[in-house]
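Notes for the one structure printed next.
In mature numbering (1 follows the signal peptide of the UniProt record, and there is no 0), the protein residues as written are -22 to -1, 1 to 237.
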């Protein structure tokens, strides 16, 4: 039996359509891969692992997988010079790259922060990922510092077209509650587990567009009698207060959650 050119062409297009459908189905079940770049504000209490655990507990069709590049006191300039971010971008495909600057640099020298954030963001975009800026919190003895952090990170996010994780703003809301949750370690700078839990809740709300699930029994014990629902609400409120450009990825497939 002879097959006509028309039939061959039709079979070819059916093959392409089937391949495209299979790829689309796979993209809806692939993990969301997030690279965290920062310092002890990221690795104390392992915020990335808390976030990943939330996605699995909530049975998201695209759970979160993370990798952390962080060392004590690190700045974005040090990460850029070390080339660990560039190497990680070359070795694996990432959906998001979270940038967390040294806690005081956005206040003391925002232009220096901007310089290296721009360089890293250009590499992130080159590899098809999206930058998320990790807006941190004010020191316990200097709450007025939050406004300066907000300005520095928001200005940068607007310039880069990046998403913004307003963790510091969520902390500010939570600290206004009575009784006040214990978010700081005794040094007045680093986060307690409760502080990191709020941070993970902010990232969850930003990425999936919904509040995270209830904490596990083990997490509840570490929340130091804080009200988990109030912590999650503070995170959700902070994310929802952002302009749409700072909290909505243009890639709907990447941003979608299992509803």
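All C-beta atoms, glycine included, are put in the ideal place defined by N, C-alpha and C.
Within-8 Å CB hit, residue i to chain B
i, result
"residue 115", "Among the protein chains of the structure shown there is no chain B, as only one such chain exists."
Limits of the unbroken beta strand (DSSP E) element including residue i
i, result
"residue 197", "Element bounds for residue 197: not the beta strand (DSSP E) but the alpha helix (DSSP H), 195 to 200."
"residue 109", "108 to 113"
Beta-bridge partners of residue i, as assigned by DSSP
i, result
"residue 191", "DSSP, once it has assigned bridges, lists no residue as partnering residue 191."
"residue 11", "43"
"residue 162", "169"
"residue 284", "Any answer about residue 284 is impossible in this case: the structure gives the chain only from -22 up to 237."
Opening and closing residue of the alpha helix (DSSP H) in which residue i lies
i, result
"residue 49", "Element bounds for residue 49: n/a, residue is neither H nor E."
"residue 117", "Note, residue 117: premise wrong, no alpha helix (DSSP H); not H, not E."
"residue 31", "25 to 35"
"residue 224", "222 to 225"
"residue 155", "Neither: residue 155 is in no alpha helix (DSSP H) and is coded neither H nor E."
Cβ-Cβ separation, residue j to residue i (assumed contact under 8 Å), whole Å
i, j, result
"residue 79", "residue 54", "5 Å"
"residue 141", "residue 113", "Contact doesn't hold; Cβ gap of about 11 Å is too wide."
"residue 242", "residue 84", "This structure does not reach residue 242, given that the chain is present from -22 up to 237, and the question cannot be answered."
"residue 95", "residue 134", "6 Å"
Beta-carbon contacts of residue i that lie in its chain and below 6 Å, excluding the five residues immediately before and after
i, result
"residue 115", "146 and 149"
"residue 177", "25 and 145"
"residue 57", "15 and 63"
"residue 13", "45, 66, 72 and 75"
"residue 206", "193"
Cut-off 7 Å between Cβ atoms - residues of its own chain near residue i, not counting five sequence neighbours on either side
i, result
"residue 3", "Residue placement at residue 3 is poorly supported in this model, since its pLDDT is 41, which falls under 50; the coordinates still yield a value, given next. Excluding positions up to five away in sequence, the list is empty."
"residue 50", "17 and 18"
Own chain residues within Cβ distance below 8 Å of residue i, not counting five before or after
i, result
"residue 1", "A caution first: residue 1 carries a pLDDT of 43, below 50, which makes its placement in the model unreliable, though a value can still be read off. Correct list: empty, nothing qualifies."
"residue 22", "163, 168, 169 and 174"
"residue 219", "144 and 147"
"residue 60", "none"
"residue 198", "206"
In the stretch 121 to 149, which residue ranges form an unbroken beta strand (DSSP E) of at least 3 residues, counting only runs that do not cross its ends? 141 to 144
Minimum length 4: unbroken alpha helix (DSSP H) runs contained in the stretch 59 to 105: 62 to 69, 83 to 86 and 88 to 104
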